[in-house]
Each structure stands twice: as structure tokens, then as C-alpha cells.
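Participant: In this note's numbering, the protein residues as written are 16 to 226.
Where is the CB? At the ideal position from N, CA and C, for every residue including glycine.
Mind having a look at this structure? Questions to follow.
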Amino acid sequence: MKGRQSTSLIRPSLKPYLGIASVLLILWTGFVLFVYYKTQESNMKLIDMGTVLRWSIAVVLGTALLAYSGHWWGKAIAHERAEFVAYKTKIMAQASEQEATQKRTYALEIRGVGIGIYHDHQSEIWKLIKKKSNNFVSIYSRDPKDYDASVDSRETSRDIKVRVAFQHSADASVAYWPIPVFAIAPPKQPSDVGAADNIVNGRNAATLGRR
């Protein structure tokens, strides 16, 4: 369908050429008849008039056909050039848009963060960092005697920190679901069954349920 429309737009109108050819034929036929009658009056002998008229018609129509074909060919060339320029412009515009898209910067918006270390969590940790005022020194004691080394104490502390971290981070994301939630934890222990189970346990511990 598109090819037919394109051809109809390129093809020049045939009516002007037919009109010019008709006028030329009429004028030429009138001229030949005028000469014929003049020669008859002068008793001069002429060649076959039918042959003259046939050749005249052939010459006029052939010239009109050549002119029409040249016009059509010229319009086709111009149309192809215009299409090429339009295509080139479109490709350049797409390339520029793609390049601009690649140059765009993106930002990650954090809606909730949960953190728990030792007996502290959230703002308590930030207060200790501010009080320490040293980025190269831990806010906690380096003496092992200051910490309870029992397994029960460490597991209890771990469970509390998991609940607190999920409570302060994932709880804020529920209202904006399904935004992604990232969970970062210490290296996997032999007792761990997998990240999915840990996340489920942490969610349940934080009383987030299945919201």
C-alpha cells in the first residue's frame, strides 16, 4: 500500500503531455493540409499524405513520451534523495537520543535503613560515632574481656539485631511495595539454611508478617 502511494506521488500527471501532444498534432495536421491544398492549386505532385501524417503522429507522441519519462525519472531521483535525507536525519536523531539517554544520571533513593551492632542500633550508633569523632577508630572496646563470649548470649544478641534491622528498614518499604529490599549480614554460618529463610525469619521477628 505504501509503495503504491509513493509511486502515485512520484508519477507526474499525464494530462499536460497529452494536451500538448494533441495541440501539436492539430497544428501539424493543419499545416500539412494547408500545404496539400496549396500544391493542388499549383498542380504539384506530393508524396503520400498518409505516410506523412503517420510519421508526424509517431514523432509527436514519441517526443511527448520521452519528455514524460524524463520528468518521471527526475521526480523519482529527487524523491529518493529526499527519502535518504529524511532517513539519515531520523537515524542521527535516534543516535543522539540514545547517546543522551546513556549520559543520564540515576539516583538510588533509600527509604529505610536498619542497623544493629552490639547493644546499640540506629541513631544510638550514629551518636557514638559522633562522640568518638574519629573515622579510623572503632566506637567499641577492643578488649575481649568486655564482651560476653557465651554462645547463648551471642545468639540472643544476633536475633535482637536481626529483628531491629528488619523493623527499621523493611517496615518502611511495605507501604511502597514492590520496591527492592537489600539485606546485608555477616558471612554465612554452618547453621544457616539460606538467605531466603533468614529473610523470612527476620521479617517474622520484626512482626512484618506478609504485608
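So, for Leu-143: in the same chain, excluding its five sequence neighbours on each side, which residues have a beta-carbon less than 6 Å away from its beta-carbon?
Facilitator: Once the five neighbours on either side are set aside, the close Cβ partners of Leu-143 are Ile-154.
Participant: Given a cut-off of 9 Å, decide if Ile-132 and Ile-125 are closer than it, judged by their beta-carbon atoms.
Facilitator: Contact: no.
Participant: Are the Cβ atoms of Tyr-32 and Ala-73 separated by less than 9 Å?
Facilitator: No.
Participant: Candidates Ala-115, Ile-175 and Arg-96: which alpha carbon is nearest Asp-167's?
Facilitator: For the residues Ala-115, Ile-175 and Arg-96, the minimum Cα distance to Asp-167 belongs to Ile-175.
Participant: Please say whether Leu-29 and Thr-44 have beta carbons closer to each other than 9 Å?
Facilitator: No, they are not a contact pair.
Participant: To which residues does DSSP link Asp-174 through a beta bridge?
Facilitator: Paired residues: none, contrary to the question.
Participant: Would the beta-carbon of Gln-113 fall within 9 Å of that of His-183?
Facilitator: Contact flag unset, no.
Participant: Just list the alpha helix (DSSP H) runs in the region 61-126, keeping only unbroken ones of 4 residues or longer that don't cross its boundaries, in chain order.
Facilitator: 64-118, all fully within the region 61-126.
Participant: Between the C-alpha atoms of Arg-169 and Tyr-162, what's the straight-line distance to the nearest angstrom?
Facilitator: Computed Cα separation, rounded: 9 Å.
Participant: Looking at Pro-27: is its Cβ nearer than 9 Å to the Cβ of Lys-105?
Facilitator: Not in contact: Pro-27 and Lys-105 (Cβ atoms no closer than 9 Å).
Participant: Quick one: residues in its chain with C-beta nearer than 6 Å to the C-beta of Val-75, no 5 flanking neighbours on either side, listed in chain order?
Facilitator: The residues are Ala-36, Leu-39 and Leu-40.
Participant: From the DSSP output, in three-state form, read off His-134 for me.
Facilitator: Coil.
Participant: Select from Leu-48, Gly-34 and Ala-180 the residue whose C-alpha is nearest the C-alpha of Gly-127.
Facilitator: It is Ala-180 whose Cα lies nearest to the Cα of Gly-127.
Participant: Which of helix, strand or coil does DSSP assign to Pro-31?
Facilitator: Helix, per DSSP.
Participant: Can you give the beta carbon distance from Ile-25 to His-94, rounded, assuming they're within the 8 Å contact cut?
Facilitator: Contact holds; Cβ gap of about 5 Å.
Participant: In chain order, what residues of the same chain lie with their CB nearer than 8 Å to the CB of Arg-173, ignoring the 5 residues before and after it?
Facilitator: No residues qualify anywhere along the chain.
Participant: Which whole-angstrom value is the C-beta distance of Ser-84 and Val-47, which I expect to be below 8 Å?
Facilitator: In fact, because the Cβ distance is near 27 Å, the residues do not count as touching under 8 Å.
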